[in-house]
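In the working numbering, the protein residues as written are 741 to 956.
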């Protein structure tokens, strides 16, 4: 079991997508954390052999401020943790906002049964998502603040893919009429206690893995 402590900072479906993911990974490494909108917290990452083995990883969520996102790496993938405020949570049930989503009820298998709800999570206040756009594998940008015009009219907050413009809400649900076909995946996870989330392990009695989802 790998453990990690937070700090206070805010199979591709086809060979072509696999090649694109490789390019994106290389570009991401070259850009560096100073030039992007989120902070990859290296102190939270397990050793390379642990990542390769896909072992579960414990994350201390107690220091994630309301409205803040952190990103950790698990099995080589960016896992997004968002401490959603009450205002953020309220947008997830807003009919005007959900009417613009392609799969607002999460009918497509992109999450475990315990996250197939209106907030796509175990607890409404904490989002846990795989940060890989379901179009071609880019890392979506976290844009949590509402905006009257950008990136869409009456933007409630969410994610914007910088590569081809796909948009997701704060539960990772994809908008209609964008290149991405599906919602962001939800990884297997559970709460060890109120302050600790274990990524890579399901609650007792539940069987689910990212190998079962429609699109990663």
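No residue lacks a Cβ here, since even glycine has one placed at the ideal position from N, Cα and C.
DSSP, reduced to helix, strand and coil, places residue 838 within a helical segment of the structure shown. Counting along the chain, residue 932 sits inside the beta strand (DSSP E) bounded by residues 929–933. Comparing alpha-carbon positions, the option among 931, 898 and 902 lying closest to residue 832 turns out to be 898. Residue environment for residue 839: exposed (fewer than 16 other C-beta atoms within 10 angstroms of its C-beta).
The continuous beta strand (DSSP E) containing residue 936 extends over residues 936–939.
Contact between the stretch 933–946 and the stretch 904–923 is not established, with fewer than three Cβ pairs separated by less than 8 Å. If you look at residue 849, you'll find it isn't in any beta strand (DSSP E); DSSP assigns it neither H nor E. Segment contact: the stretch 840–852 against the stretch 921–928, three or more CB-CB distances shorter than 8 Å; contact assigned. Residue 803 and residue 830 have their C-alpha atoms roughly 22 Å apart. Each of 875, 813 and 816 was checked against the Cα of residue 903, and the nearest Cα belongs to 875.
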